[in-house]
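Here's the structure, in structure tokens; my notes come after.
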Amino acid sequence: MVLERSAGVAALVALVLAVTALVLVLPRGRAPAQADYTAAQRADAKTQACASASLVRNAVMLNTNRALPENAGVVGTLASAANARIALFNGGQYLLARLDPATPPDLAASIRDFGNALMDVGAAAIAETPNTDPKQAQRLSKADELSKHIVELCK
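250 is the number that the working numbering gives the last residue of the sequence shown; the numbers go up by one with no jumps.
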């Protein structure tokens, strides 16, 4: 009986400690991290984010719209498709990896969404989902809309 009571008390103490630890690690309505950056840091981050987005947009455009020569054959066609998929998937990863925490929040969110959208399109393309597939067409449309929005934010 004493052993059961001790186990119950120990379980209760463990529960209280776990809840306390959880409460201590939860955010407490702190000011956004943007307040920690100077105007120059934010401007530099925006410039870099816009340059990265432009680079990726260009790579995707070039590699997904490349005209094949007549003698490309199966290997040439597969190589071109592989480059397009690499541009999509790696372009998305590049955007996410290069995003500076000082980037203005609206631009950062759009670039994160665009990077993820590109990876979604690329993953579906790797699975040989045709662009005519309704879900893939929706992914492509979303990526295009995000790209245009980023261009506007970067003006």
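Where is the CB? At the ideal position from N, CA and C, for every residue including glycine. In this text, all values refer to a predicted model and were calculated from it rather than measured experimentally.
> With DSSP run on the structure shown, which of helix, strand or coil describes A167?
Replying inline: coil
>> Using a Cβ distance threshold of 8 Å, determine whether the region 232-247 contacts the region 203-219, with at least three qualifying pairs required.
In response: yes
> Relative to the alpha-carbon of S147, which residue among P200, N160 and F209 has its alpha-carbon at the smallest distance?
Replying inline: F209
>> Just to check my reading of the structure: L194 and A203 have Cβ atoms closer than 8 Å, yes? What is that Cβ distance to the nearest angstrom?
In response: 6 Å
> Would you report the Cα separation of L248 and L190, rounded to the nearest angstrom?
Replying inline: 15 Å
> What are the boundary residues of the alpha helix (DSSP H) that P200 is part of?
Replying inline: P200 to I221
> Looking only at its own chain, which residues have a Cβ that is under 8 Å from the Cβ of R161, when we skip the five neighbours before and after it?
Replying inline: S175, N178 and A179
>> Mapping the DSSP letters down to three states, classify R161 as helix, strand or coil.
In response: coil
> The alpha helix (DSSP H) spanning D195 covers which residue range?
Replying inline: No alpha helix (DSSP H) holds D195; DSSP gives it neither H nor E.
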